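Contents: one structure, followed by commentary.
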Amino acid sequence: MNTALKELLYKMADDQLILGHRNSEWTGMGPLLEEDIAFSSMAQDKIGQGLALYTLLQTLGESDPDTVAFTRNANQFHNCILVELPNQEYDFSLIRHFLFDSAEALRFEYLSHSSYEPLAQLARKIRGELRYHTLHANTWMKQLGSATEESIARLQNALEVALPYALGIFEASPYETELIDKKIFIGEAALKEKWVSKIESVINQTQLHLPDWKTLTPVYGGRIGKHSEHLQPLLDEMSEVFRIDPAAEW
Amino acid sequence: MYGGGNTFEGIKTDSLAQEDPGMLAAFEARIERGEKIEPSDWMPQLYRKQLIRMIEQHAHSEIIGALPEGTWITRAPGFKRKMALMAKVQDEVGHAQLLYSAAETLGKSREQMIDDLINGKSKYSNIFNYPTFTWADCCFISWLVDAGAIVNQLANAKGSYGPYCRALDRICAEESFHLKYGHHCVIYLASGTAKQRQMFQEALNRWWPPMMHFFGPSDKISAHTEVLMRWKVKMGTNDEMRNQFLDMYVPKIWELGFTIPDPNLKKNESGKWEYTEPDWEEFKRVINGDGPCNKERLEVRRVAEARGQWVREALKTPKTSYVTPLA
C-alpha cells in the first residue's frame, strides 16, 4: 500500500509546491494590487499544502520536506506539466488557476473521505482553503469572460492553450486500481469526469466556449518525471540559496 | 517598509495668506488640542497638498519596496523562509493598497498616483534604488529597513490626519512581525557557517550608507519644515529619527558580532550617536533618478501596469453587470 500511497502524495505535493511557486511570481507584478495580494495568498496556501503533504510523506519514511523539495531534480518531480508552465500573461495564469483549482477542490473533497485517515484529516483542512480559490477563480472567470472583446478573446485563447495540459492533471498512476480498491482515492478517471461537468457549468455562464473534449489530446508525462523545459530552471532558481550549503540552517 | 516624510522640499507658505484666518486658527487649535483631522473637515490647501505627497510617497515605497525582496521569494531557502517572506511581501503590497486609499480621501485617485509614479513625477523611498545581490541583502531589508520604517511610522501614527494615522496603526502592527522575521533570519546567518556570516557582513557593508540616508538629509542641510511639524504632518526631525534608530539597533547588530562600516560610529556622553556624515551628494543623485536600480524599478512597475491594463478595463466596462460568485 505504501508505494501507491506515496506516489499519490508525491504528485499532489509537487503540484502544490510548483504552482505555489508560480503564483508567487505575481508578487509585485499583478494587474491590480488586489490581484497581487490574492495570488500571493493562494501561493501561500499552496506552498503550505505542499509542506503538509511532504510532512505526511516523512511519516511514511521519506526525507524531510526541505530536502525533498529543494534537492530533487526535474525528473524526480511528479507534478503535472500544467503547473510548471511559465505564468505568461494574467489571462493564462487565471485560466490555469481556474482549471487546476477546480480539479483540486474536487480532489480534496473526495480525499476527505479517504480510508487513509491522516490524508482524510489533511484533506478536510485543504478543502476549506480551496473553497476560496475556486470562489476567486469563478468570480474572475465570470467577470472577464463576459466583459470586453479583448478580455473574452484573451481568455478564450488561453483556455485553448491550457486545456490539453489540464487534462494532464488526470494522468493515471500505475496504482489506480489499488488506490480505488483500498478506498484511498476515487481515482483520476472518476475525478476527471466530475471536473469536466464543473468546468462546463462555469464556462457556460460566460461568453467563452469549450472545444469538443474528444478533439483534445492530453499532455501527459509529468506524473512519471517527464517534464517540459520549464521545470528545471524553476527548480534551479528555487534551490539557489539552499544549495549554497544544504547542511546549513537558514 | 516606509517612504516619504523625509524628502520634503522647502515649503512655500505664501498660499496660507489666501486662507480664511479664522478657519486657519481654528484648524491649528484643533491640532494643538490633539484632535484628528478627518477627510470632510476644513483644511488649508497646503496641508492637503503635503499630506497627499507624503502618503503617496509612502504608498509608492511599499509597492516598489516589494520588488527587491519579492525577487527572493522564489529563491528563499526552505519552506519556513519561503512562506514567511511571501506573507511579508504580501503585507507590503497590502500596505500600499491601504495607503492609496488613505491618500484618496484627500482627493487624488489611485490611478493618478500610479501614473505619477511611473512617469517619475512622484518619489519613493530612496533605499529601494539599491540592488539585493544575495539572500543576506534581503534579510537586511526585512530586519533593518523595516526597523527604520517602524521608527518613522510609530512617530507618524501620532500625526494629525485621521485616515493616515489609522492606516499606520495597522501597518505598524504588521511591521513588528516583519521585524521579528528579519531579525530571526539574521540571527541564523550570524550563528551559521562562516559563509553565512560573511554573506551578512557583506550585505551590511553595502546597505549601511543607504540605511543612513533612509532618514533623510541631516537637519543642518534639510529644508525648513516648521509649519509641517506644527501641523503634525512631520513628527520628528530627520536626525532625531536617525538617532533613535541607531540607539535601538546598533547594539543589536554588534551583539551578533558584525562590524558596522563606520569607524566614527559611537554614542557620546550626552547619549547622542556620532557618525561619519553620509554622502548627501550621492543621496541627491540617487533620489533624482541616477541610482543603481531607479530605471529598473520604474520599468518593472511600468510593464506591470501596461500588462494589467486590459484587466482593469474589463473591470470598468463589463458588458454584463456584476455576477454573484458561484460557490
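Chains as they are written, first to last, in my numbering: chain A, 1 to 250; chain B, 1 to 327.
Beta carbons are placed, not taken as given, at the ideal position from N, Cα and C, and that holds for glycine.
Owing to the predicted nature of the structure, the values given are computational and were not obtained by experimental measurement.
Query, Result
"Continuous beta strand (DSSP E) assignments of at least 3 residues falling wholly in the stretch 117–164 of chain A", "none"
"Proximity winner among A:Gln-232, A:Glu-249, A:Leu-208 and A:Leu-163, relative to A:Val-219 (alpha-carbon distances)", "A:Leu-163"
"Proximity test, Cβ basis, 9 Å: B:Ala-314 and chain A", "yes"
"Per-residue contacts from A:Tyr-90 into chain B (C-beta, under 9 Å)", "Arg-307, Gly-308, Trp-310 and Val-311"
"Whole-angstrom distance between A:Lys-142 and A:Phe-70, CA atom to CA atom", "37 Å"
"B:Leu-67 at chain A interface by Cβ criterion, 9 Å", "yes"
"C-beta atoms of B:Ala-203 and B:Phe-140 nearer than 9 Å", "yes"
"Presumed contact (8 Å Cβ cut-off) between B:Glu-62 and B:Ala-96, rounded CB distance", "4 Å"
"Any C-beta of chain E under 9 Å from that of A:Glu-7", "Among the protein chains in the structure shown, which are A and B, there is no chain E."
"The stretch 61–81 of chain A in contact with the stretch 11–26 of chain A per 3-pair CB rule at 8 Å", "yes"
"Contact with chain B by A:Ser-24, beta-carbon distance below 9 Å", "yes"
"Beta-ladder partner(s) of B:Lys-266, from DSSP", "B:Glu-274"
"Reduced DSSP category for A:Ile-184 - H, G, I as helix; E, B as strand; rest coil", "coil"
"Neighbour-count burial assignment, B:Ala-223, 16 or more Cβ in a 10 Å radius", "exposed"
"Residue burial classification, A:Leu-111 (beta-carbon count within 10 angstroms, cutoff 16)", "buried"
"Short Cβ contact (9 Å threshold) for A:Ile-184 with A:Ser-228", "no"
"Contact with chain A by B:Pro-77, beta-carbon distance below 9 Å", "yes"
"Under 7 Å (Cβ pairs) to chain A, residues found in the stretch 91–109 of chain B", "Val-93, Gly-94, Ala-96 and Gln-97"
"Close Cβ partners of B:Met-43 (< 7 Å) along its chain, the five nearest in sequence each way excluded", "Phe-27 and Ile-37"
"Closest Cα partner of A:Val-202 within the set A:Trp-140, A:Met-29 and A:Tyr-175", "A:Trp-140"
"Supposed contact pair B:Asp-262 and B:Asn-238 - C-beta distance, whole angstroms, cut 8 Å", "With a Cβ gap of about 17 Å, B:Asn-238 and B:Asp-262 do not count as contacting."
"Contact list for B:Gln-196 against chain A, beta-carbon separation under 9 Å", "Ile-244, Asp-245, Ala-248, Glu-249 and Trp-250"
"Cβ of B:Tyr-164 within 9 Å of any chain A Cβ", "no"
"Interface residues of the stretch 101–131 of chain A facing chain B [CB-CB below 9 Å]", "Ala-105 and Arg-131"
"Inter-stretch contact at 8 Å, needing at least 3 Cβ pairs: the stretch 229–244 of chain B / the stretch 294–306 of chain B", "no"
"Simplified DSSP assignment, three categories, for B:Ile-37", "strand"
"For B:Tyr-161, the residue or residues it bridges with in DSSP", "B:Ile-37"
"Residue-chain proximity (A:Glu-229, chain B), Cβ-Cβ < 9 Å", "no"
"Selection from B:Phe-133, B:Asp-115, B:Gly-94 and B:Asn-119 that minimises the alpha carbon distance to A:Glu-240", "B:Phe-133"
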